[in-house]
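*Asks:* My structure is below; once you've seen it, I'll send some questions.
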Amino acid sequence: MSTSDSPREGGWVAAAIGPALILLLLTAYIPIIYALTLAFYNKTAFNPDMDFVGFKNFVWLLKRDDLWMALGKSVVFTIGSVGFQLAFGLFFGLLLNEAIRGRAIMRSLVILPYLLPTIVIGLVFRWILNPEFGVVNQILLSMGVVERPINFFGGLDVAMTSIIVTTGWQYGSFAVLLILARLQSINPRLYEAARSCGAGTWRCFVDVTLPNLRTTLLLIALLRGIWMFNKFDLIWIITKGGPLQATETLPIYVYKIAFQDFNFGRAAAGCFVMFVILLAVSIIYFKYFNPTKEIEVNR
Amino acid sequence: MTAHFVVRWMRFMWLSVGMIFVVFPLYWMATTALTPRAELFKPPYPLLRTSYSLENLIELLSATQFLTFLKNSLIVAAGSVCINVVAATLAGYALSRFAFRGKNLFAAATLWTYMFPPILLAIPLYLMFSTLGMRNSYSGLILAHVSISLPLNIWIMWQYFQVVPRSLEEAAWTSGASRFRALCEVLLPSAMPGIISAAIFAFALSWNDFAFAFILQTDIGMFTLPVGLATFVEQSAIHWGLIMASSLIVSIPTFALVFLMQRYLMRGFAIGK
Amino acid sequence: MSVGLTLEHVTKTFSQGAKSINAVDDLSLEISPGEFFTFVGASGCGKTTTLRMIAGLESVSSGRILFDKEDVTRIPTQGRDIGMVFQDIALFPYMSIRENIGYSLKVARVPKKEIDERVERTAELLSISDKLAMKPVQLSGGQQQRVAIGRAIVREPKVLLLDEPLSALDARLRTEMRSEILRLHRRINSTIIYVTHDQVEAMTMSSRIAVMEGGKAVQVDQPRSVFRYPARESVATFIGTPAMNVWDASLEGPADAPRLTWSGLSIPIPREDAQALAGLTMVRLGARPQALKLVPADEALLEATLSLKEPLGLEDECHLQLSDGLELRLVGRVPDSVAEGSLVHVDIDPSDFCVFHPETGDVLRHGLNDKNTKTS
Numbered sequence: 109m110s111t112s113d114s115p116r117e118g119g120w121v122a123a124a125i126g127p128a129l130i131l132l133l134l135t136a137y138i139p140i141i142y143a144l145t146l147a148f149y150n151k152t153a154f155n156p157d158m159d160f161v162g163f164k165n166f167v168w169l170l171k172r173d174d175l176w177m178a179l180g181k182s183v184v185f186t187i188g189s190v191g192f193q194l195a196f197g198l199f200f201g202l203l204l205n206e207a208i209r210g211r212a213i214m215r216s217l218v219i220l221p222y223l224l225p226t227i228v229i230g231l232v233f234r235w236i237l238n239p240e241f242g243v244v245n246q247i248l249l250s251m252g253v254v255e256r257p258i259n260f261f262g263g264l265d266v267a268m269t270s271i272i273v274t275t276g277w278q279y280g281s282f283a284v285l286l287i288l289a290r291l292q293s294i295n296p297r298l299y300e301a302a303r304s305c306g307a308g309t310w311r312c313f314v315d316v317t318l319p320n321l322r323t324t325l326l327l328i329a330l331l332r333g334i335w336m337f338n339k340f341d342l343i344w345i346i347t348k349g350g351p352l353q354a355t356e357t358l359p360i361y362v363y364k365i366a367f368q369d370f371n372f373g374r375a376a377a378g379c380f381v382m383f384v385i386l387l388a389v390s391i392i393y394f395k396y397f398n399p400t401k402e403i404e405v406n407r
Numbered sequence: 221m222t223a224h225f226v227v228r229w230m231r232f233m234w235l236s237v238g239m240i241f242v243v244f245p246l247y248w249m250a251t252t253a254l255t256p257r258a259e260l261f262k263p264p265y266p267l268l269r270t271s272y273s274l275e276n277l278i279e280l281l282s283a284t285q286f287l288t289f290l291k292n293s294l295i296v297a298a299g300s301v302c303i304n305v306v307a308a309t310l311a312g313y314a315l316s317r318f319a320f321r322g323k324n325l326f327a328a329a330t331l332w333t334y335m336f337p338p339i340l341l342a343i344p345l346y347l348m349f350s351t352l353g354m355r356n357s358y359s360g361l362i363l364a365h366v367s368i369s370l371p372l373n374i375w376i377m378w379q380y381f382q383v384v385p386r387s388l389e390e391a392a393w394t395s396g397a398s399r400f401r402a403l404c405e406v407l408l409p410s411a412m413p414g415i416i417s418a419a420i421f422a423f424a425l426s427w428n429d430f431a432f433a434f435i436l437q438t439d440i441g442m443f444t445l446p447v448g449l450a451t452f453v454e455q456s457a458i459h460w461g462l463i464m465a466s467s468l469i470v471s472i473p474t475f476a477l478v479f480l481m482q483r484y485l486m487r488g489f490a491i492g493k
Numbered sequence: 039m040s041v042g043l044t045l046e047h048v049t050k051t052f053s054q055g056a057k058s059i060n061a062v063d064d065l066s067l068e069i070s071p072g073e074f075f076t077f078v079g080a081s082g083c084g085k086t087t088t089l090r091m092i093a094g095l096e097s098v099s100s101g102r103i104l105f106d107k108e109d110v111t112r113i114p115t116q117g118r119d120i121g122m123v124f125q126d127i128a129l130f131p132y133m134s135i136r137e138n139i140g141y142s143l144k145v146a147r148v149p150k151k152e153i154d155e156r157v158e159r160t161a162e163l164l165s166i167s168d169k170l171a172m173k174p175v176q177l178s179g180g181q182q183q184r185v186a187i188g189r190a191i192v193r194e195p196k197v198l199l200l201d202e203p204l205s206a207l208d209a210r211l212r213t214e215m216r217s218e219i220l221r222l223h224r225r226i227n228s229t230i231i232y233v234t235h236d237q238v239e240a241m242t243m244s245s246r247i248a249v250m251e252g253g254k255a256v257q258v259d260q261p262r263s264v265f266r267y268p269a270r271e272s273v274a275t276f277i278g279t280p281a282m283n284v285w286d287a288s289l290e291g292p293a294d295a296p297r298l299t300w301s302g303l304s305i306p307i308p309r310e311d312a313q314a315l316a317g318l319t320m321v322r323l324g325a326r327p328q329a330l331k332l333v334p335a336d337e338a339l340l341e342a343t344l345s346l347k348e349p350l351g352l353e354d355e356c357h358l359q360l361s362d363g364l365e366l367r368l369v370g371r372v373p374d375s376v377a378e379g380s381l382v383h384v385d386i387d388p389s390d391f392c393v394f395h396p397e398t399g400d401v402l403r404h405g406l407n408d409k410n411t412k413t414s
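Set out below in structure tokens:
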């Protein structure tokens, strides 16, 4: 189509791409490169110099049970949360795709949690799931479901589940949005054709809806997966990784090395590990999805 | 006929259960925010409250640093929105209208950046900004927020410009308008929905951000709302009425966004073409 | 006001990876002032690229473009003083019709009062005076097209370029706008360069047409001449509906009295034509469907089965099947008594035959000028 074969256009390209390029370099690429190099240095808050230490930070990190525990927690958290979000997305996506009175307002309500600041969600869930004053415990007690209040975020056995449900509540609507958009773009002729061939509601779902949704579901799983794996804010706001280390996922662990131990070199080694995982997932993403067509994604 | 009726009712029931799950936490936030102080720590609470009061809100505005946090949040968000709109519009224009060397690389790298988690960027930025004296500054936090919102915004703008027919711009050229003039008078008005989406997205990410502000701003006077609110639960006597009141106020832009601009949101965030 | 155009060895090369393709290949043309000149051809033939190079929207890889004597090859679109109408109409959606039409005048800093006058005059010319306050979306497709034309002609450009302007309209409107554009051309007298893939548009509107193929203009002439004397088999089948019948025929018989044979038929080749065909054993023979005539059996050249009859109104389009399977089209008045499946007798006047080279497709003869046979 258009070719930048004249010097005039070259100037335009430079002027138009320049600001974005410089900003991204300054705020993303240089910091990432810096973090990746830092992993090979000894840098703490108490040691202003940077000493090259080779793989010592990695050796320290990989020898710790904490790292492996954090990785395990991250995996559990990611799978649980993404699974919950997909279920949530399918549930509302399919129900809200039908013509129902009040659909517009219900759609808006479903989108709401996704756009709320994480701090609000963290605080609200801490409040409603509070063991002493929480309304959920109040309801459960009055209905006789439990005898003693549940310490949702403070109990070693339930904290992770509670966090997963909370993130599901927050990010489920991301899945709803994408699934709804996909459902709406399915050509209604396909359903008419299937029905004219004698397919019932269930067959229509299996033969028309599901195949059309497959890529979308995969995309959600992949993108939300990588973001949930690296989720920091909500977990920190609610549990700070506790009780004990019950919800201490990799980002929380890395944060603690950096800002509680003030050992930036080791934290950078942790960042390196996160980066490698991110890299692996993004390779899959770029390989299996044509990102130019999937720009509708959101954090 | 009856079977159809049953299906409709089942669907309605399921939706109702789901909607309660979605809406109840928000309802409870609002209710708590408006609960009179005297009743705050006296459970059980009635599920439908009849007595309301603005005590919590008044206390929030008068006895806490809420307004400082609000000011900081607004300044940082405004900065992020401005930078995002200008940089993303220009980059989107270049991507949609020119073929240049490294274009695919730039596009892919941009999208990849979008996958970077804040915590991965926050640690090196903390160290870099410490050296540069940019911690606890507006400019530092604005730049940090740009790092997470600009990548997607470039894609949003690219997509919007792609949809505006080239011939529109060419019609302006053949009418004698320069490239810059055609961009301003013809392209930008047509891409307005995209620009609004980009602005909303930049605002939302900045307004909602916790991780960067939490790590980069260590002086309470420079805290944004999310980090400021987090300090309310650090205090020995947790005042849930106050916390829910502040949560309610922080959520207002989200409510406004969803109800006033659903059209733009759906287009910008969800619908590809 | 209007100018003549000269294209000198104009070439446009697009590179696709390692390959490069000449979208327009060494094109040389002269277009006189005030002409209605049309580039016609199938998609991908280079016609739009040529127009865009004339407009300055596409750079010229090599060669020159001149407006009268002035070389504009390196002059950007903005400096060329042209008006252009785009395939997708491309009105500025948020501007009123008045602003749309007056845009080029506003850019040229014409005083407000004069802009208004000229916009109103143009709107009147296109009978859209009552629409000036509206927005493009409020107008029908045909009205939008008029606005687009108005926007292009308001500043009385040296050349008016139209890129498939009617393709976005439905069939009825297309015919209507065709006469509208013609009328306009008579009124404003400016040079018009028109691009279309529709040969009917090209035939009915133009003073001259260039039939494009693979980036080259294979024939440049008046529409009637292109129809009557196609330069190539591809031109012959492209221009005219239904397409010209073309089939293989072999050259047989002694060198001094050769005959063309096909489907068990045989016609003599007059001497002057035979010279042009010397050395060939086979040719492609063509005859327009309109040249095929139903005649009594004793006057007939050939006999065929009427396999399908499509009424066109006054005339019918008939599919004829010869004994060996060769299918020919005939257009003419066919009596109702002649039904599908019946045997018909057909004659073709030798002067209506076209003979094409079997490999190159170039025309060898227009008509076999046999003076001895009957003339219609």
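Residue numbers (the numbering used here), protein chains in the order written: chain A, 109 to 407; chain B, 221 to 493; chain C, 39 to 414. By construction, the Cβ of each residue, glycine as well, lies at the ideal position given by its N, Cα and C atoms. Every value quoted in this text rests on a predicted model; they were computed, and no experiment measured them.
List, from N- to C-terminal side, the alpha helix (DSSP H) runs of 4 residues or more that fit wholly inside the stretch 209-256 of chain A.
*Replies:* 211-223, 226-236, 243-251
*Asks:* Give me, in chain order, the residues of the same chain whose beta-carbon lies closer than 6 angstroms to that of PHE124 (chain C); leave out the 5 immediate sequence neighbours on both sides.
*Replies:* ASP201
*Asks:* Taking all protein chains shown into account, do 16 or more other C-beta atoms lie within 10 angstroms of the C-beta of VAL383 (chain B), making it buried, or fewer, making it exposed?
*Replies:* So VAL383 (chain B) counts as exposed.
*Asks:* Go ahead and pull the three-state DSSP assignment for GLU239 (chain C).
*Replies:* If DSSP states are grouped into helix, strand and coil, GLU239 (chain C) belongs with the helices.
*Asks:* Taking the C-alpha atoms as reference points, what is the distance between LEU406 (chain C) and HIS235 (chain C)?
*Replies:* 31 angstroms
*Asks:* Closer than 8 angstroms, CB to CB, is MET122 (chain C) near chain B or not?
*Replies:* yes
*Asks:* Is ALA450 (chain B) near the ligand FMN - that is, is its Cβ less than 7 angstroms away from at least one heavy atom of it?
*Replies:* Judged by which ligands are present, the structure shown has none, so any question about the ligand FMN falls away.
*Asks:* ALA223 (chain B) to ARG231 (chain B), Cα distance in whole Å?
*Replies:* 12 angstroms
*Asks:* Please name the residue in C:LEU298, C:VAL382, C:GLY317, C:GLU355 whose C-alpha comes closest to that of GLU337 (chain C).
*Replies:* It is C:VAL382 whose Cα lies nearest to the Cα of GLU337 (chain C).
*Asks:* Check each candidate in C:ILE231, C:LEU360, C:GLU353 and name the one with the smallest Cα separation from LEU303 (chain C).
*Replies:* Residue C:LEU360 holds the alpha-carbon nearest to the alpha-carbon of LEU303 (chain C) among C:ILE231, C:LEU360, C:GLU353.
*Asks:* Does any CB atom of chain C fall closer than 8 angstroms to the CB of THR394 (chain B)?
*Replies:* yes
*Asks:* I'd like to confirm the pairing. Which residues does DSSP put opposite GLY324 (chain C) in its beta bridges?
*Replies:* C:VAL284, C:CYS392
*Asks:* Can ASN155 (chain A) and GLN292 (chain A) be called in contact, C-beta distance under 8 angstroms?
*Replies:* no
*Asks:* Quick one: does LEU178 (chain B) have its CB under 8 angstroms from some CB of chain C?
*Replies:* Any answer about residue 178 (chain B) is impossible in this case: the structure gives chain B only from 221 up to 493.
*Asks:* Between the alpha carbons of ALA206 (chain C) and ALA314 (chain B), how many angstroms are there, rounded?
*Replies:* 29 angstroms
*Asks:* Please return the same chain residues whose Cβ sits closer than 6 angstroms to the Cβ of SER414 (chain C), not counting the five positions on each side in sequence.
*Replies:* Low local confidence applies: a pLDDT of 32 at SER414 (chain C) is under 50, so the model's placement there is unreliable, and no value is given.
*Asks:* Give me the subset of the stretch 356-382 of chain A whose CB atoms are less than 8 angstroms from a CB atom of chain B, sorted by chain position.
*Replies:* Going along the stretch 356-382 of chain A in chain order, one finds PRO359, VAL362, TYR363, ALA366, PHE367, PHE372, ALA375, ALA376, CYS379, MET382 with a Cβ nearer than 8 angstroms to chain B.
*Asks:* Who are the neighbours of LEU131 (chain A) on chain B, taking C-beta pairs under 8 angstroms?
*Replies:* ILE303, ALA307, LEU363, VAL366, SER367, LEU370
*Asks:* Any chance you could list the beta strand (DSSP E) runs of at least 3 consecutive residues sitting entirely within the stretch 308-390 of chain C, in chain order?
*Replies:* 320-325, 330-332, 340-349, 354-359, 365-370, 381-386
*Asks:* Return no unless some Cβ of chain C is closer than 8 angstroms to the Cβ of GLU390 (chain B).
*Replies:* Judged by the 8 angstroms Cβ criterion, GLU390 (chain B) is in contact with chain C.
*Asks:* Per DSSP, what kind of secondary structure is ASP63 (chain C) in: helix, strand or coil?
*Replies:* Note: ASP63 (chain C) maps to strand in three-state DSSP.
*Asks:* What is the DSSP secondary structure of VAL167 (chain A), reduced to helix, strand or coil?
*Replies:* helix
*Asks:* Kindly say whether TYR358 (chain B), judged by its beta-carbon, lies nearer than 8 angstroms to any beta-carbon of chain A.
*Replies:* no
*Asks:* Would you decide whether CYS379 (chain A) is buried or exposed? Buried here means 16 or more other CB atoms lie within 10 Å of its CB.
*Replies:* CYS379 (chain A) should be labelled buried.
*Asks:* What does the alpha-carbon distance come out to for the pair PRO127 (chain A) and ALA311 (chain B)?
*Replies:* 8 angstroms
*Asks:* Closer than 8 angstroms by beta-carbon distance: list the chain B residues that pair up with TYR132 (chain C), in chain order.
*Replies:* Using a Cβ-Cβ cut-off of 8 angstroms, TYR132 (chain C) is close to PRO409, SER410 of chain B, given in chain order.
*Asks:* The alpha helix (DSSP H) spanning VAL258 (chain C) covers which residue range?
*Replies:* That residue, VAL258 (chain C), is in no alpha helix (DSSP H); its beta strand (DSSP E) goes 254-259.
*Asks:* Could one say the Cβ of VAL406 (chain B) lies closer than 8 angstroms to chain C's Cβ atoms, at least one of them?
*Replies:* yes
*Asks:* Does the beta-carbon distance from PHE394 (chain A) to ALA328 (chain B) come in below 8 angstroms?
*Replies:* yes
*Asks:* Using a beta-carbon distance below 8 angstroms, is MET239 (chain B) in contact with chain C?
*Replies:* no
*Asks:* Apart from the five residues just before and just after VAL110 (chain C), which ones in its own chain have a Cβ nearer than 6 angstroms to its Cβ?
*Replies:* ILE103, ARG118
*Asks:* Using alpha carbons as the reference points, say which of C:THR49, C:LEU65, C:SER66 lies closest to SER58 (chain C).
*Replies:* C:THR49
*Asks:* Rounded to whole angstroms, what is the Cα-Cα separation between THR411 (chain C) and GLN237 (chain C)?
*Replies:* In this predicted model, THR411 (chain C) has a pLDDT of only 40, less than 50, meaning its place in the structure is not dependable enough to derive any value.
*Asks:* Does the beta-carbon distance from VAL384 (chain C) to VAL333 (chain C) come in below 8 angstroms?
*Replies:* Yes, these two residues count as a Cβ contact at 8 angstroms.
*Asks:* Starting from THR333 (chain B), find everything on chain A with Cβ-Cβ shorter than 7 angstroms and list it in chain order.
*Replies:* LEU132, ALA136
*Asks:* DSSP three-state label for ARG322 (chain A), please.
*Replies:* Reduced to three states, the DSSP call for ARG322 (chain A) is helix.
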